[in-house]
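Take a look at the structure below.
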């Protein structure tokens, strides 16, 4: 079709629609693609600064990449921009390179800075070439891949309060000690999102260093994610009090050893989302080249005990591979979850499964109903008879009706096979009586239950 024969108003509407998709995708190639559709789209694209606000710079000393980056900065005019700086394969970056000079001149416009690199040892050299002062910066993300670990991510997000210290409080030149990072020297004031994922042995923070990081952002931190081996104590005689984190709403932990000490550093009574993943049970992306002697079981009862004071307002709970927990500890933990309305269980231990689905198995009637506000449930590795019994019992209790049930494809096939199992009959009854929605999932352990209406 010749685009020049399309009426201008239709061309304009199509351009607006494509622009929306381009902005949502964040793909920096979209402006170029849109500008090649027709001459009218090209002229419109060149005068739409927001289209050019995502800028990707490749390795240093690449003339073509520099010309592209300069064109994007010019076409975005004075808008704030998102910048992705791809680190060179070898740490040969030079601060005098035109690419870095371009970033220096536009440092005041950068609101997002991402640094994907292939080796953590490149970071000090690369970061030393970047501008130190970025007053508009909101998100700083490092994604490194090395031989020691398959994935390491460190994300820093500043709040939008203009009165907060500028980016200068987060040093770019990382001190390297035995191929590791001196995390305690990092300034974290103003952070709202903190993510430490898959750090290798030499790079993970000490318990004291992590405590200082949490103290620095205690009044602003909203989400905290830690995945990998637990921090080690630099001094076994250290005494650290829990850090009050009144703004923390989301906590995600993926452990390969005992992480209970780390949880003991956190006091977050306003927590609403909690995800616990046992890396020794779930698919583990970090252990391919690691020594199996570095892994150990987590003290799950102690972990749950530390979490207990933080779960009064909890709404979403995900437990992946959480095992080695006695029934008493599971009962105490679940009894405090009166506000939970979304629950995901994948390969959980028998004590936790029984505490949720068969509390009467303790040969007594529970004093309090377990999870009285539960509305969304995703569960694997559960017998059809146990699930059917739970659904029938749930209908007879003075609790909120279960609105959504997520089942694996195998579970759904077993429930609705031609023989019409008992579970299938119970599901039909729940769907008809209370409007229960049954949703099949291919990989429920990777799905976060949503309560959106």
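Residue numbers (my numbering): 100 to 552. The beta-carbon is built from N, C-alpha and C at its ideal position, and this holds for glycine as well.
- Contact between residue 451 and residue 421 holds: CB atoms are separated by about 6 Å, below the 8 Å threshold.
- The C-beta distance from residue 359 to residue 402 rounds to 4 Å, short enough to meet the 8 Å contact threshold.
- One alpha carbon belongs to residue 499, the other to residue 339, and they sit about 41 Å apart.
- Between residue 504 and residue 436, the alpha-carbon positions lie close to 19 Å from each other.
- Shown here, residue 327 sits in a strand according to DSSP, grouped into three states.
- Rounded to the nearest angstrom, the Cβ distance from residue 449 to residue 428 is 13 Å, too far for a contact under 8 Å.
- Within the DSSP bridge table, the entry for residue 445 names 419 as partners.
- For the segment 137-191, the continuous beta strand (DSSP E) assignments of 3+ residues that do not extend past its boundaries occur at 153-156, 180-184, in sequence order.
- Shown here for residue 529: same chain residues with a beta carbon closer than 6 Å to its own, the five before and five after excluded, namely 490, 535 in chain order.
- Here residue 505 is bridged, per DSSP, to 477, 538.
- Under DSSP, residue 376 forms a beta bridge with 353, 419.
- The alpha carbon of residue 176 has as its nearest neighbour, out of 199, 205, 200, 184, the alpha carbon of 205.
- Excluding the 5 residues flanking it on each side, residue 182 has same chain C-beta neighbours closer than 6 Å at 154, 209, 212, in chain order.
- When C-alpha distances from residue 369 are compared across 398, 355, 413, 396, the shortest belongs to 413.
- With fewer than 16 other Cβ atoms inside 10 Å of its own Cβ, residue 166 counts as exposed.
- The residues 156, 214, in chain order, have a CB closer than 6 Å to that of residue 184 in the same chain once the five nearest residues on each side in sequence are set aside.
- Within the same chain, 399, 400, 403, 448, 450, 451 come within 8 Å of residue 424 by CB-CB distance, once the 5 residues on both sides are set aside.
- With 16 or more neighbouring CB atoms inside 10 Å of its own CB, residue 354 falls in the buried class.
- For residue 367, no alpha helix (DSSP H) segment is defined, and its DSSP state is neither H nor E.
- In this chain, the alpha helix (DSSP H) harbouring residue 404 covers 399-406.
- Check the Cα spacing between residue 497 and each of 380, 522, 469: the tightest is with 469.
- Residue pairing from DSSP places residue 322 in a beta bridge opposite 292, 349.
- Taking the CA atoms as reference points, residue 197 sits about 10 Å from residue 168.
- For residue 315 and residue 494, the gap between their C-alpha atoms comes out near 48 Å.
- The shortest CA-to-CA distance from residue 474 to any of 148, 335, 233, 537 is the one to 537.
- Of the other Cβ atoms in all chains shown, 16 or more fall within 10 Å of the Cβ of residue 367; this residue is therefore buried.
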